[in-house]
Structure formats: structure tokens, C-alpha cells
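Some notes on the structure that comes next.
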Amino acid sequence: MEKKFWILDLSAEKVKDEDEIWIWSIGEDGERAVLRVKVEGQRFYVVPKADPLEAARKISNISGVISAQVVEKRLFGEKVSAVEVLCKPSKIEDVSKAVKDLGTLYEDDLRLSVRFILDNDVKPASWYKCFVEQDGKGGNGVNCTYRLIRMEKTEELAAPKLRVVGLDFLYEPKIGTPIPERDPVVAISIARDDGIKRQFTGEEKSIIKAFIEEVEGYNPDVIVGYRLNTSHWPYLLIRAKKLGIKLEVGRLKTEPHQSVYGHFSIAGRINFDLKDYAREITELERGTLEELARFLGLPQPKLQLDEFLYPKYWKEDREKVLEYSMWRASASLSIFQTISDHIFTMSSITGVPPDYVFSAAAGYRLENYLMEAAVRIGELIPKPVERALPTYPGGKVLTPEKGIHENVAVIDFKAMYPSIMLKYNISPDTVKRAPCPKGFLFIEEAGTCIAQDRKGFFTEVLERAVKEREAVRDIMKKYPKDSREYRFLDAMQRTLKVLANAMYGYMGWTGARWYLREGAETVTALGRRTITEAIEKAKELGLKVVYGDTDSLFVKYDKEKVDKLLNWIERELGLEAKLEKIYKKVIFTEAKKKYAGLTIDNVLDLVGLEAVRGDWCKFAKDTQRVIADLLLRGASKDRVISVFRERITELRNKNVDLIDLVIWKQLAKRIDEYEVSAPHTVVAKELISEGWKVTKGDYIGFVVVKGKGPIHARSKHYSKVDIDEVDIDYYIEKQIVPVCARILNVIGLKEDSLLKIAKTAGMGLESFF
DNA sequence: GCGAGGTAATTACCT
DNA sequence: ACAGGTAATTACCTCGCG
Numbered sequence: 095m096e097k098k099f100w101i102l103d104l105s106a107e108k109v110k111d112e113d114e115i116w117i118w119s120i121g122e123d124g125e126r127a128v129l130r131v132k133v134e135g136q137r138f139y140v141v142p143k144a145d146p147l148e149a150a151r152k153i154s155n156i157s158g159v160i161s162a163q164v165v166e167k168r169l170f171g172e173k174v175s176a177v178e179v180l181c182k183p184s185k186i187e188d189v190s191k192a193v194k195d196l197g198t199l200y201e202d203d204l205r206l207s208v209r210f211i212l213d214n215d216v217k218p219a220s221w222y223k224c225f226v227e228q229d230g231k232g233g234n235g236v237n238c239t240y241r242l243i244r245m246e247k248t249e250e251l252a253a254p255k256l257r258v259v260g261l262d263f264l265y266e267p268k269i270g271t272p273i274p275e276r277d278p279v280v281a282i283s284i285a286r287d288d289g290i291k292r293q294f295t296g297e298e299k300s301i302i303k304a305f306i307e308e309v310e311g312y313n314p315d316v317i318v319g320y321r322l323n324t325s326h327w328p329y330l331l332i333r334a335k336k337l338g339i340k341l342e343v344g345r346l347k348t349e350p351h352q353s354v355y356g357h358f359s360i361a362g363r364i365n366f367d368l369k370d371y372a373r374e375i376t377e378l379e380r381g382t383l384e385e386l387a388r389f390l391g392l393p394q395p396k397l398q399l400d401e402f403l404y405p406k407y408w409k410e411d412r413e414k415v416l417e418y419s420m421w422r423a424s425a426s427l428s429i430f431q432t433i434s435d436h437i438f439t440m441s442s443i444t445g446v447p448p449d450y451v452f453s454a455a456a457g458y459r460l461e462n463y464l465m466e467a468a469v470r471i472g473e474l475i476p477k478p479v480e481r482a483l484p485t486y487p488g489g490k491v492l493t494p495e496k497g498i499h500e501n502v503a504v505i506d507f508k509a510m511y512p513s514i515m516l517k518y519n520i521s522p523d524t525v526k527r528a529p530c531p532k533g534f535l536f537i538e539e540a541g542t543c544i545a546q547d548r549k550g551f552f553t554e555v556l557e558r559a560v561k562e563r564e565a566v567r568d569i570m571k572k573y574p575k576d577s578r579e580y581r582f583l584d585a586m587q588r589t590l591k592v593l594a595n596a597m598y599g600y601m602g603w604t605g606a607r608w609y610l611r612e613g614a615e616t617v618t619a620l621g622r623r624t625i626t627e628a629i630e631k632a633k634e635l636g637l638k639v640v641y642g643d644t645d646s647l648f649v650k651y652d653k654e655k656v657d658k659l660l661n662w663i664e665r666e667l668g669l670e671a672k673l674e675k676i677y678k679k680v681i682f683t684e685a686k687k688k689y690a691g692l693t694i695d696n697v698l699d700l701v702g703l704e705a706v707r708g709d710w711c712k713f714a715k716d717t718q719r720v721i722a723d724l725l726l727r728g729a730s731k732d733r734v735i736s737v738f739r740e741r742i743t744e745l746r747n748k749n750v751d752l753i754d755l756v757i758w759k760q761l762a763k764r765i766d767e768y769e770v771s772a773p774h775t776v777v778a779k780e781l782i783s784e785g786w787k788v789t790k791g792d793y794i795g796f797v798v799v800k801g802k803g804p805i806h807a808r809s810k811h812y813s814k815v816d817i818d819e820v821d822i823d824y825y826i827e828k829q830i831v832p833v834c835a836r837i838l839n840v841i842g843l844k845e846d847s848l849l850k851i852a853k854t855a856g857m858g859l860e861s862f863f
């Protein structure tokens, strides 16, 4: 029979020694189903050292090999004869070992589910018309199982109505971070997309059981929470085992199991960890659930309760903690609903299933996308190899003309690197180090050559992505802006853009299968050439260039001349540039990549300055923002100084929240990898000795307190600091004064004069001034 | 033993 | 764990100082 299904996930399963792919799906009628496909053979390739026919003959005699035949493939753009080996999936390791002396192996490192997706052009999070035969009844979360005969992609876009649950778990630690071998689960909060909320509290065994029953009863397609992969699932599995319960939250009564990219897989459901998603949003400073919710315009909790404060609250005000936990569950649900288009488009375009598409690093997502293209055009998929990390020159950054400028236009090249790659045909299979073979274009600045007689692999992929994006944008226009379809298509075109923009970085990534340093070098060299030419043209037109970085130019605004420049760029360089914004006023510090501007729409833009950095205390950041704002809006020097003085006075009088004095730094390495002491590492070590689990990637918040010795010797975790211990002078001299001086330098106020003013502020001499 | 001065380590930003 | 370019702070080392 014929049915339409949306693919939720794919898994490779073993059924009585037979390899099968199970496609977990949702029918257009809401049916939850498994489509089973028996997989007889898995293929890989051998590029033989000697005669291909002879190699094929030898290989076909190896046990486990179903067939071996000579095929024409491409390898880094060159035609090669390869032996396509088909073998039993379970035998692939043995067979590849047996043939490896005959030549170089390709694609034997792909997992069966990936192989299936590539070979059949099956994409998760997409709709298919399926020809199926009923295979079994349902039960345990699926309505039916089918044998899949064949499938065809359909035009449908948006996901079906999914059942989603947001989760949060609370544990009761004896001391420090909860430890699964020791501390019980004390509360489980559940928020369902149908509006029902549940919270299980009390005796551990009964609440875990109630949770499992709830999952079985509601049978969600999506389970979402924060830190599910790194904390909750491993924790719950240990607790359940201890209690003699099976954590059967998967369809067909399965437990969560560890999968690729550090992700936990739950059969038949999407297990989505919001922490993975948060990590990629550069606008977030620490990637907390609260920040993510705020970023997406969703409600905040009544009470901010981090892990360091929660044990105390759990003893003192249980209700508040439970309410907070419920907020986390609800927020997780809402966040998933808000970002689901992004997740599903990324998944369907790259072929990485939705539950781990954001657990995988951006490079792997793009790689999956490239692999799909490679199979389509017959390019062999190289294996990743360990490489040294040689670096190469990047973008060109101009020294800003320091001071306050009025009327400055910012001109940006649109997608400069992808455009250059397209224009020059730069790809891992088209670029070589000089000397140039015939028909190659020599790029002097990089000492490289680019093939011009054939289209590169990346060029083909980029062209396709650009075309597809244009098509999506065309279709988009047919729908109203607030429609379901418009939002989905918009997510789709953004995803295509993200992938296109990542191709340059991918080519320069030593971990990439299609790594080519010369290629990446050529891109940046041509980028520098392009911006340099644009600068010269701007000058020639009489535009004064005040700053520039990689693909942007800041010029004194003159509409006519800027228009001329933009036209010239399009005509002569074959690239697109646009007038990005106009600053009424902009302040350049003496440093590159740091400036403050006020746009013609009266928006304050702070770039690179401490106010936009996560590792300065909020009080200093707010002060810098206020000072920059005043200055850009034309306040007098006296007015700015008096505001500065007020802020210092507030600080001296301890008229600030302690939390605004916390300095946050990420633990970028494992604690034992640090070579020197730093405040955050010393504090982290102390936390660890007290039973807290802080690891690589965590943010450590500390406050500098009074005392002797280096800063790291008098930094304390914020949860343990009383405002009276704070070293106010440190905050004045090393936080507030420097960040204000950075801005005020342009009106001749140097750090030492600010320091002098600060010395008298709040010292009981206010009336004197 | 101690401060000056230079440099390495470290983080987080910009494009 | 997609790239390089950059600023900034703090820690640490070396050197001179008789």
C-alpha cells in the first residue's frame, strides 16, 4: 500500500543476524510507525595499486564479499578506476582488513545508517511517499510496523504535529554537585505540548516509575531538556539501575543508549539537548537556559537559581525550587517549539538526524552535506586524517583612524568568501601549489594555482546551494510573512546560507575529509586582494577610508560616491557589496576590532568593547555602555565625568548587587591542562575540592576580594562572597577605569586622570565638587 | 629579595 | 571539534641590583 510518512529518525538494527534499517516515522494521519528495510549489502571502494580487474577478481573471492566490480569514480577531481565492493554489513571490518593491501580504501568508515541515507537519498525530517507492506502490529509506542518497498520524496515541507515534552530533573546532593551513585532524584518536572504539566516529587523509585509511565502514556515524539546528554540521562540510568528499574523511555520499551557525538539516543524519539543548541548561538554569553529563553523572547523564571545556590534553597524554600524546575521544563518545551524549524531544516538538508544535528560540530554537519553531494556526483569520500596544524594568513584588518567621526558608512561585501570560491572555482580538487600546470590561474599572493578547465567539487556544491536558496526565497514570497510555510522556508534559506558560509572554514579545518590548506589560503589571499582594490577605488573616488576588516569598509559617507563604489565593485570585481549601515557618529579607539557607534536610527552599536564581552563584570560593562552612549549623543565632557563619578561613588558605597561584580570566565581546558594559575582555574580547583563538578566548557564566576598577593590568590567563587569582602579598589582600577578610559581617550581623558577623579569620588568629598 | 620589563598564557571577541 | 586576526589582562620569568 501507499502511505505518506515524515521521517523522525533512522537506526541500524540487528534482527536475528540480519541487518536492517528502521525508519521511525509519522504518517500524515498521525500514525507512528517503523518502516523496516533489510540491508543485504554495504558498499565501499578500493582504489587498487595494480590492475583494477585483477583486484576485483581477487576481492570477489574473499569471504563475506557479495560482489566486486570495477567502476569509474572521481578522486579529488581526477578520474580513477575503483573496485566497488559489496559485502554483508556485519562483515565490513573483516573484509576491509582483507583487502587493504590491494589499494586505498574509501567509504569503509561510514556507519550503516549513514550509508543508507547517502545511497537512497533519504533525508530525516522530510516527507516521503512510501510503498509499504504491513509487517506487524504496533504496541509500545508505535501503531504499526511495515516493510518498506520503496520511497519517494514529496514536496511537503513543515513537520507534522509532534508530541513534545520538556523535562527537568532535581537531585538532592549531600554536598556539592549531585553524584548519581550517592544522591537520589527528588523531583521530575514535565511540560507537555498539550498544556499539561506534571511534577513528580517524593520517594525516588515511585517518581522515576511515574515518569516512565508518563512517557509511555503520552508517547512523545520529542523529549527536550537542558543538559540531557551530559548530565540527566547518564545520571538517571545509574539511579534506575540502582533501584532495579529499567529506564524504558524509548519506543519498543528501550532504554536511552549512548551514541555518536556524545549524544544519547532514544529509540523512536527525538532526544534534543538544548545545551548543544545554546553553545552555537554567539549572542549568548554563557549558554544558560535562561539566556537562551531570553534570546528567543520567551519568559524568564521568577527566580534565577543556579546549581550553586540550589542546595541551599532546597533546604530553605522547596516550593521555589520546584517552581523553578517547572519553569525549566516549560521553557525547554517552548524553546524547542521556537527553534524546531531550524533543527528540522538543518537535519533535512544535511542528512544528520534531528536529535543530534546540533550535538555534532558545525564542520561535521557540513561534511555530511558534502558527502551527500559526493555520492551524487561520484566523488569518493576521503577519510579524515591526522594532520599538523600549520596556519596561513587570513583577512586584512586596517588600523582605524582613532577619534570621533561623523557620518560614516559601512560597506560590506556580501558573503565574500563563498563568492570568491565561486568566482575563482576554489575547491579541494582545483587548487595546487605553484608552479602552474597549463590552464591554471596563478594567484601570486598565495603562490597557488587554480584549475580553470573544469568545475570543482565545492563549486558544484556551492552553486547548487545558492540555486536552491534562491528557489526557496522565491517560493517564500508566495506566502504571508506570518504563515507557517513562510517561517519554515525562511529557516531553510538561512540554513543553506549557513552551510555555504562554512565552506571556506571547512576547507581550512585540518580535521576535514576535504581539507586543502592551499585552497583556504587562496580564498583569503583573494579576499585581501579584493578589499585592497576596493580601498584604492574608494580613495580614487574621493572617499575617505577610516577603517576596514576583512570584508568591510568604513568610509566618510557621500551617497553619490558610495553608490559609484558599489557599482564598481559589482561591475569590475564581479562581487556584490552593500551599504550595511550609516553611523551618525562613531568612536574608534586606538585598537582594531573595537568601536562604538550611533546609527542614523539612533541605535547604539558597541563592537568588540568590554561592554560586549562576557569576561568583564556587569557593573563595568554597564558603565562603559552609559559613557559611550552619552558621548555619542553629544553630552558634554563635564556631564560624562559626573556620570563616571556617580558610578564610582555607587561602587564605593557598595550600592551595587554582588552579582554585578562577578567576573565570568570559561574553563576552556581540562583543569589539569593549565600551565599557570589564573583566577578562574584556582577557583575551579577549589570548587572541585569541595565536591562540585566543574569541567571543561563550564563558566566560573568569581569576585576579587581584599587581601594580599596576585589576583588568583584572592578570587572567590561568587556563591561564597559577602559584599564587604570585595576589593573595591580592584574594581575601580582594573575594571571601571580602564573600560571608561577606552572610550574617553578620544576626548582627551586618559586613564590616569580618570583614576584621579575616581580617587576622590565617594570619599565623602562629593559636596566639594 | 625585589621591582622593572618583557613575554607567555589565557580568554573572548570580529569578520 | 569550520578559519585567521586582534586586544587585553594576568602570571611568570629574567635581569639587574653589588
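Sequential numbering of the first sequence, starting at 95, is according to the working numbering. No residue lacks a Cβ here, since even glycine has one placed at the ideal position from N, Cα and C. These figures come from a predicted structure and were not determined experimentally.
Check	Outcome
State the CB to CB distance for the pair Ala705 and Arg719, rounded to an integer number of angstroms; the pair is presumed to be in contact (CB under 8 Å).	5 Å
Enumerate in chain order the residues of its own chain whose CB-to-CB distance from Val750 is below 7 Å, with the five nearest sequence positions on each side excluded.	Phe713 and Glu744
Is Gln587 buried or exposed, if buried means 16 or more other CB atoms sit within 10 Å of its CB?	buried
Taking Ile243 as the reference, which of Lys347, Lys132 and Cys543 has the closest Cα?	Lys132
Quick check on Ile765: does DSSP put it in helix, strand or coil?	helix
Going along the chain, which residues of its own chain have a beta-carbon closer than 6 Å to the beta-carbon of Ala540, five neighbours each way excluded?	Glu615, Thr616 and Ala619
Cutting at 7 Å between CB atoms, please list the residues of its own chain near Asn602, excluding the five before and the five after it.	Per the sequence shown, the amino acid found at residue 602 is Gly instead of Asn. Excluding positions up to five away in sequence, the list reads Arg611 and Ala614.
Counting Cβ pairs closer than 8 Å, one from the region 111 to 121 and one from the region 369 to 386, do we hit at least three?	no
Just checking my contact of Tyr222 with Lys247 at CB under 8 Å: how many whole Å lie between their CB atoms?	6 Å
Using a 10 Å radius around the Cβ and a threshold of 16 neighbouring Cβ atoms, would you call Lys291 buried or exposed?	exposed
Sort Met245, Thr239, Lys633 and Asn234 by Cα distance to Asp213 and report the nearest one.	Met245
Secondary structure at Phe170, three-state DSSP: helix, strand or coil?	coil
Pull up the CB-CB distance for Leu593 and Glu562, whole angstroms please, since I reckon it's below 8 Å.	Actually they do not touch by this definition, with Cβ atoms about 10 Å apart.
How long is the line joining the alpha carbons of Val798 and Asp816, rounded to whole angstroms?	11 Å
Sort out for me which residues DSSP pairs Pro142 with in a bridge.	Gly197
Cys543 and Phe552 - do their beta-carbons sit closer together than 8 Å?	no
Give, in chain order, every unbroken run of the alpha helix (DSSP H) that is at least 4 residues long and sits entirely within the region 554 to 601.	578 to 595 and 597 to 601
Is the region 679 to 699 touching the region 516 to 534, taking contact as three or more C-beta pairs under 8 Å?	no
Thinking C-alpha only, which one of Gly356, Ala281 and Asn313 is nearest Lys330?	In the sequence on display, residue 330 carries Leu and not Lys. Among Gly356, Ala281 and Asn313, the Cα nearest to that of Leu330 belongs to Ala281.
If you reduce the DSSP assignment to three classes, tell me which class Ser730 lands in.	coil
Please look up how many angstroms separate the CB atoms of Arg257 and Asn313, rounded, as I've assumed it's under 8 Å.	7 Å
Please classify Asn365: does DSSP put it in a helix, a strand, or coil?	strand
Can the beta-carbon of Leu669 be found less than 8 Å from the beta-carbon of Ala690?	no
Of the choices Leu843, Lys255 and Thr624, whose alpha-carbon is the least far from that of Ala509?	Thr624
Tell me the rounded alpha-carbon separation between Lys549 and Ile211.	26 Å
In terms of alpha-carbon separation, which member of Gly795, Val734, Asp818 and Lys686 lies closest to Lys748?	Asp818
When we look at the beta-carbon of Asp145 and count the other beta-carbons within 10 Å, is it buried (16 or more) or exposed?	exposed
Does the distance from the C-beta atom of Lys679 to that of Ile498 stay below 8 Å?	yes
I need the boundaries of the alpha helix (DSSP H) containing Thr444, first residue and last residue.	Arg412 to Thr444
Return the chain-ordered ranges of every beta strand (DSSP E) run that is complete within the region 636 to 678 and spans a minimum of 3 residues.	639 to 643 and 646 to 650
Considering only the alpha carbon of each residue, which of Pro529, Glu579, Leu583 and Gln546 lies closest to Glu564?	Leu583
Measuring only the C-alpha atoms, how far is Tyr651 from Leu673?	10 Å
Going by C-alpha to C-alpha distance, which of Glu307, Val165, Asp262 and Val656 sits closest to Ala285?	Asp262
Here's the rule I'm using: 16 or more other beta-carbon atoms within 10 Å means buried, otherwise exposed. How should Met857 be labelled?	exposed
Can you grab the Cα-Cα spacing for the pair Asp229 / Lys347, in whole Å?	19 Å
Applying the 10 Å Cβ sphere with the 16-neighbour rule, what's the burial state of Asn365?	buried
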